[in-house]
Each structure stands twice: as C-alpha cells, then as structure tokens.
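Structure record follows, encoded as structure tokens.
Number of protein chains: 2
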Amino acid sequence: MILQDDNKAVVLLSGGLDSATALAIAKNAGFACHCLSFDYGQRHMLELAAAAKITGHLGGVDHRIVKIDLSKDGGFGSSALTDDIPVPKQCQPDGEIPITYVPARNTIFLSIALGYAEVIGAFDIFIGVTMVDYSGYPDCRQEFITAFESMANLATIATVKGEQKLKIHAPLIAMSKAEIITTGTDLGVDYSLMHSCYDPTDKGLACGKCDSCRFRRAGFEEAGVPDPTKYSYQ
Amino acid sequence: MILQDDNKAVVLLSGGLDSATALAIAKNAGFACHCLSFDYGQRHMLELAAAAKITGHLGGVDHRIVKIDLSKDGGFGSSALTDDIPVPKQCQPDGEIPITYVPARNTIFLSIALGYAEVIGAFDIFIGVTMVDYSGYPDCRQEFITAFESMANLATIATVKGEQKLKIHAPLIAMSKAEIITTGTDLGVDYSLMHSCYDPTDKGLACGKCDSCRFRRAGFEEAGVPDPTKYSYQ
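Line by line, the protein sequences are chains A and B.
Residues 481 to 714 (our numbering) make up the first sequence, in order.
Residues 481 to 714 (our numbering) make up the second sequence, in order.
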C-alpha cells in the first residue's frame, strides 16, 4: 500500500454535469484525479459511457467502474432511477423527497471511494453534490459531508496512523447550476459530453422534463451559455 | 417504502462467531432480524454458506448477500483476506495493522446496511465488531461506530424527516472472545456452524494458526466451553 501522496485524489464521476465540473476543479487544483463511477443498477448505462469520455476529456489519470446492485433486484430499489417507477416530469413540492432518491447512495459511494483512496494512497475525495439544486436529497447537504469526513478520519489505517487527514471536497455545494456551468466553462469543460437526464430516449436524447433536465436547462439559460444537450423534442 | 418499524433490525453476518453472537443478542432483544452478508471477493465462500445456516439456526427473518468486489481485481485488494497474500500465522506486533485488513470494509458494509435499513424500514443495525480482540483494525473501535451513527442520522430521509434515530449496535464491542462465547452459549448459539478461519483447507477445516483461529481457540478455553471447531491437524 502506498502511504502518502499529496497529489492524488479520488473523484466520484456520475457522467453528469455536476461531477464533471468537480473533476475540472480538482484537476485545476493540481490533483492527479482517479475517477470512480458506479454500475449500481441504474436504468441506463449512458451515464457510465459519458463518465469514461469525461475522464479522457478532462485528463483524469484513470477511470474505474465499481459494480454494486442497488436496484430492487438487489434488495434495494424503491427509486425511479433504478426501478420501474416513472420518472416525475413536474416540480417536486417543497419539502418532499423525490422518488428518484436512492437510499444512502452518496454514503455508499463515498464509503467505497474511501476504501479506494486508502488503496491508492489518496487523502482527497471529490464529490459533485450541490445543496442549492439538491432536489431535497439529505445526502447532498454540507452537514452530511462534514459528518462523513469526521467518520472517515476514524475509519482507515492511513488516517488513524498517518499525519494526513482525509478531506471530502464538495466544491459545488454552495453553487447554483448557473454558477457550476460558468465555472466549468471557464475551466474548459465540454458540456456536450455529459449525460444527466433521468429518463433519456433509446437514442440517448434528454427528455427535457425531469428534475435533472429542468435544472440543467435553466442553469444554461441563467449562465448565458448555449445548452449543448440534445433534447428529444428538438 | 415502509416508514417505521421499531422491531426490524439489519444484522451484518459474516459467517463467523462474533456476528452470529450479535445476531443472537439482537434476536433476544426482540428484533426481527434481516441478515446481510457480503460476497466481496473474499478468498473462500465457506463463510457465506455458514452465514445462511446461522440465519436459519438463530431465526433470522431473511438472509441477503450483496455482491461487491473489494479484491485486487476490483481495484481494491492489498489484503490477505481477498488477495494472493499469505495469511500470517503468528501474533501481530503491537501497534501494527495486520495484512488481513480490508480498506474501509466496515464503513462500506455499514453504508450498504444503512441503505438496506432505509428500504426495509429498519432503524437498528447490528455489527459484531469487538475492540478487545480487534487485531488493530481502526474500524472496530467505539469512536468509529459513534461517528458512523452520527453521519448516518444525517444521511437518509427516514432519519432526517422521521422522529426515530438510527442506531448502530455493537453489542460485543467491549467483550473478550471468552465473554462473547459465554454470552452466545447462554443464548443457545451452536458454534459448530460458524466459519471464522482466515485460511481454511480445501475441505473447510480451520488452520488453527491465523489470528482468527488463535483468538477463537483461546476464547473457548478461557470460557470453559468445548471448542466445536474442526481443525486441520486433528
């Protein structure tokens, strides 16, 4: 096991706009970025293909896909992102948790990233969560990230024995979608490579109506940046 | 999603002596126990077969195996429990972390248990870690368990919105191996069903020499309970 390497980071990459921007920020900060995606039983694999492309585009060191079944078949499920539940096409009422929520998903992804970080000798993990457009997911809030970081620093050999502390970076946490897009555009991110629609067509076109599409579209408008997404109705 | 059920618990079951005793304690406390094991690329599958038997023996409601590759092939590895590294057959020097350590294993297992708990409507998770004979694993300490519980209560809808708090039970944490065996024996646990050797023979006999075997054998001796383990040298 490599013990310490200041420059290595594990970057969680979903294939969507937010995590790609987080990767661009990590790269710009000088980290050697080891990208990690999950084949967790999501309804479509477009986002994993996008994540591989994004790693290449933004100069990640490597891209690894970890397989874990969080769908109903795997005993989990109850989410429109993994199971045969229609993806909602209207705004979520305030205070309601959307059906696209996957139980404990970010906790599980960060935990696996933590193990991976220890194996490769990284002390920095990047995750592209954002509180502003967070759709009501509890595991997209700063207090969750802070608590995870405290736990992580008690969980592994490298953090318990070493002098370096593990840091969970959530650089987008206080950004609006427009700010994320502006930041990424300034860093040279090509947003035409992303996939972030919850319910794309068979040909991979975005629906334009789900939470993810609506937030993205409004974000490009507000940022004054042309939206390169290919929509099904165009 | 079922929202609340006081009586449901998720019990992490490895197939070994400790987690079986934790299951017996959970069952004795009145919980309906949903057992969870992991096919994580460990060197042998004997422990998963044992976990299934233990669930039946101790009256667990059901037993689910989640597959996640934490071996070297999966990009993890660096442990004698998952990879082609010889299992040590002598005492670990004080303060050294054994090569049988799997990076962030308990964090990953507890995170998946957390997602599963949210899906089935449980607020109690049992894990059979013990600080006393913990072999130097950082994720077997009370401060880790406490930090994980704090994080978990910020991570899920059920804990954020509900009035019930998620509890991580580590009932063995302060027990010696002898105390665990005495407690389990009093609760009717049949320890002949367990498998906890790190390096069994092809026929499933325990080596008698690895950390796990030595702690178990000494525990039975100290407890004054006959050791039902089948050793390779007998």
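Where a beta carbon is used, it is the ideal one built from N, C-alpha and C, also for glycine.
Which residue wins for smallest C-alpha separation from B/Phe-556, given the options A/Thr-662, A/Leu-594 and A/Ala-635?
The residue labelled residue 556 of chain B in the question sits at position 76 within the second sequence. Scanning A/Thr-662, A/Leu-594 and A/Ala-635 for the CA closest to the CA of B/Phe-556 turns up A/Leu-594.
Using only CA atoms, which one of B/Gly-554, B/Phe-628, B/Cys-690 and B/Ile-600 lies nearest to A/Val-599? One-based indexing of the first sequence puts residue 599 of chain A at position 119. Checked all of B/Gly-554, B/Phe-628, B/Cys-690 and B/Ile-600; the closest Cα to A/Val-599 is B/Gly-554.
Which first and last residues belong to the alpha helix (DSSP H) in which B/Arg-621 is found? On the second sequence, residue 621 of chain B is found 141 positions in, with the first residue counted as 1. Run containing B/Arg-621: none; DSSP gives neither H nor E here.
* Asked: Would you say B/Val-640 faces chain A, with C-beta separation under 7 Å as the test?
  -> The count along the second sequence starts at 1 and reaches residue 640 of chain B at position 160. Interface residue, yes.
Q) Along chain B, which residues have their Cβ under 9 Å away from the Cβ of A/Lys-547? A) Taking the first sequence and counting its residues from 1, one reaches residue 547 of chain A at position 67. Here the neighbours are Lys-547, Ile-548, Asp-549 and Gly-554.
For B/Asp-707, report the span of its beta strand (DSSP E) as first-last. Here residue 707 of chain B refers to the residue found at position 227 of the second sequence. Counting along the chain, B/Asp-707 falls outside any beta strand (DSSP E), and DSSP gives it neither H nor E.
Note to self: Does chain A have any CB closer than 7 Å to the CB of B/Ser-494?
What the structure shows: In the second sequence, residue 494 of chain B corresponds to position 14, counting from 1. For B/Ser-494, the closest Cβ of chain A is not nearer than 7 Å.
Checklist line | Through-space distance from B/Asp-707 to B/Arg-697, alpha-carbon basis | finding: For this step, residue 697 of chain B is matched to residue 217 along the second sequence. For this step, residue 707 of chain B is matched to residue 227 along the second sequence. If you take the alpha carbons of B/Arg-697 and B/Asp-707, they lie about 7 Å apart.
| request: Below 7 Å CB to CB, which residues in the same chain sit around A/Cys-693 once its five sequence neighbours on both sides are set aside? | output: As a first step, residue 693 of chain A is located in the first sequence; it is residue number 213 there, counting from the start. The answer, listed in chain order, is Cys-677, Ala-686 and Cys-687.
*Compare the C-beta of B/Glu-702 with all C-beta atoms of chain A and state if any pair is closer than 7 Å.*
Position 222 of the second sequence holds residue 702 of chain B. So, not an interface residue.
- Excluding the five sequence neighbours on either side, which residues of its own chain have a C-beta within less than 6 Å of the C-beta of B/Thr-665, listed in chain order? Counted from its first residue, the second sequence places residue 665 of chain B at position 185. If the five residues before and after B/Thr-665 are omitted, its C-beta is found closer than 6 Å to the C-beta atoms of Val-705, all from its own chain and listed in chain order.
Item to complete: May I have the straight-line CA-CA distance separating A/Glu-629 from B/Tyr-713, to the nearest angstrom?
Response: Taking the first residue of the first sequence as 1, we reach residue 629 of chain A at position 149. Taking the first residue of the second sequence as 1, we reach residue 713 of chain B at position 233. Spanning the two alpha carbons is a distance of roughly 46 Å.
Determine the DSSP secondary structure at A/Cys-687, reduced to helix, strand or coil. Against the first sequence, residue 687 of chain A aligns to sequence position 207. Three-state result, A/Cys-687: coil.
So for A/Ala-715, helix, strand or coil by DSSP? Because chain A in this structure spans residues 481 to 714, residue 715 of chain A falls outside the shown range and cannot be described.
**Request:** State the Cα-Cα distance for the pair A/Asn-586 and A/His-649, rounded to the nearest angstrom.
**Result:** As a working note, residue 586 of chain A is residue 106 in the first sequence. As a working note, residue 649 of chain A is residue 169 in the first sequence. A/Asn-586 and A/His-649 have their C-alpha atoms some 13 Å from each other.
Within a Cβ cutoff of 7 Å, which residues of the same chain sit near B/Asp-498, ignoring the five residues on either side of it in sequence?
The sequence position of residue 498 of chain B within the second sequence is 18, counting from 1. Here the set comprises Gly-608, Thr-610, Leu-652 and Ile-660.
Tell me which residues share the same chain as B/Ala-530 and place their Cβ nearer than 7 Å to its Cβ, disregarding the 5 neighbours each side in the sequence. Within the second sequence, the letter at position 50 stands for residue 530 of chain B. Result list for B/Ala-530: Gly-495, Leu-673, Met-674 and His-675, in chain order.
Check: Would you call the CB atoms of A/Val-541 and A/Ile-592 closer than 7 Å?
Finding: The residue you call residue 541 of chain A lines up with position 61 of the first sequence. The residue you call residue 592 of chain A lines up with position 112 of the first sequence. No, the pair does not count as a contact, with Cβ atoms beyond the cut-off.
TODO: Alpha carbon to alpha carbon, how far is B/Met-631 from A/Met-631? Give it in angstroms, no decimals.
DONE: Counted from its first residue, the first sequence places residue 631 of chain A at position 151. Counted from its first residue, the second sequence places residue 631 of chain B at position 151. Cα to Cα, A/Met-631 sits roughly 7 Å from B/Met-631.
Check your understanding: DSSP on B/Ile-661, reduced to helix/strand/coil?
Key -> As a first step, residue 661 of chain B must be located in the second sequence, where it is residue number 181. In the displayed model, B/Ile-661 falls within a helix according to three-state DSSP.
*Hey, how far is the Cα of A/Ala-654 from the Cα of B/Phe-624?*
Here the question's residue 654 of chain A lines up with position 174 in the first sequence. Here the question's residue 624 of chain B lines up with position 144 in the second sequence. Approximately 28 Å between the Cα atoms of the pair.
Contact belief for A/Thr-501 with A/Val-669 at Cβ below 8 Å, rounded distance in angstroms = Reading the first sequence from its first residue, position 21 is the one you call residue 501 of chain A. Reading the first sequence from its first residue, position 189 is the one you call residue 669 of chain A. Right, their Cβ atoms sit about 6 Å apart.
Q.
On the DSSP letters alone, give me the boundaries of the beta strand (DSSP E) that A/Leu-492 sits inside.
A. Counting from one through the first sequence, the residue named residue 492 of chain A turns up at place 12. Following the DSSP letters along the chain, one finds A/Leu-492 inside the beta strand (DSSP E) bounded by residues 488-492.
Using C-beta distances below 6 Å, list every residue in its chain close to B/Ala-638, excluding the 5 sequence neighbours before and after it, in chain order. On the second sequence, residue 638 of chain B is found 158 positions in, with the first residue counted as 1. Within the same chain, and ignoring the five residues on either side of B/Ala-638 in sequence, the residues whose Cβ sits closer than 6 Å to its Cβ are Glu-598.
**Prompt:** Where do the ends of the beta strand (DSSP E) carrying B/Asp-533 lie?
**Reply:** Position 53 of the second sequence, counted from the first residue, corresponds to residue 533 of chain B. Reading the sequence as shown, one finds Lys at residue 533 of chain B and not Asp. Looking at the DSSP string, B/Lys-533 is not in any beta strand (DSSP E); the run it does join, the alpha helix (DSSP H), is 526-538.
CB contact check: A/Ser-672 to chain B, cutoff 7 Å
The sequence position of residue 672 of chain A within the first sequence is 192, counting from 1. A/Ser-672 does not count as touching chain B.
ask   = Helix, strand or coil: how does DSSP classify B/Lys-552 here?
value = Mapped onto the second sequence, residue 552 of chain B falls at position 72. Residue state, collapsed to three classes: coil.
Proximal residues to A/Val-490 (C-beta, below 6 Å), its chain only, five neighbours per side dropped: Locating residue 490 of chain A in the first sequence gives position 10, where the first residue counts as 1. Around A/Val-490: His-514, Leu-516, Ala-593, Tyr-596, Ala-597, Ala-602 and Ile-605.
Can you confirm whether A/Ala-635, when its beta carbon is compared against all beta carbons of chain B, has any partner nearer than 7 Å? To locate residue 635 of chain A, count along the first sequence from 1; it is residue 155. So, interface residue.
So A/Ala-584 contacts chain B; which residues on that side make the cut at Cβ distance below 7 Å?
The residue you call residue 584 of chain A lines up with position 104 of the first sequence. What A/Ala-584 touches in chain B: Ser-591, Leu-594, Gly-595, Glu-598, Ala-635 and Thr-636.
* With a cut-off of 8 Å on the beta carbons, I'd call B/Ala-635 and A/Ala-584 a contact; round off their distance for me. => In the second sequence, the residue the question calls residue 635 of chain B occupies position 155. In the first sequence, the residue the question calls residue 584 of chain A occupies position 104. Between B/Ala-635 and A/Ala-584 the beta-carbon gap is near 6 Å, inside 8 Å, which marks them as a contact.
- What does DSSP give as the partner residues of A/Ile-637 in its beta bridges? Counting from 1 along the first sequence, the entry for residue 637 of chain A is found at position 157. DSSP lists no partner for A/Ile-637.
**Study point:** Contact check, B/Leu-538 vs B/Leu-492, beta carbons under 7 Å
**Key:** By 1-based counting over the second sequence, the position of residue 538 of chain B is 58. By 1-based counting over the second sequence, the position of residue 492 of chain B is 12. Not a contact, by the Cβ cut-off of 7 Å.
- Query: Which residues bound the alpha helix (DSSP H) around B/Phe-589?
  - Reply: For the purposes of this step, residue 589 of chain B is identified with residue 109 of the second sequence, where counting begins at 1. Where B/Phe-589 is concerned, the enclosing alpha helix (DSSP H) stretches over 585-600.
_By alpha-carbon positions, which one of B/Leu-646, B/Ala-532, B/Asn-633 and B/Gly-521 ends up nearest to A/Ile-548?_
Within the first sequence, numbered from 1, the residue matching residue 548 of chain A stands at position 68. It is B/Gly-521.
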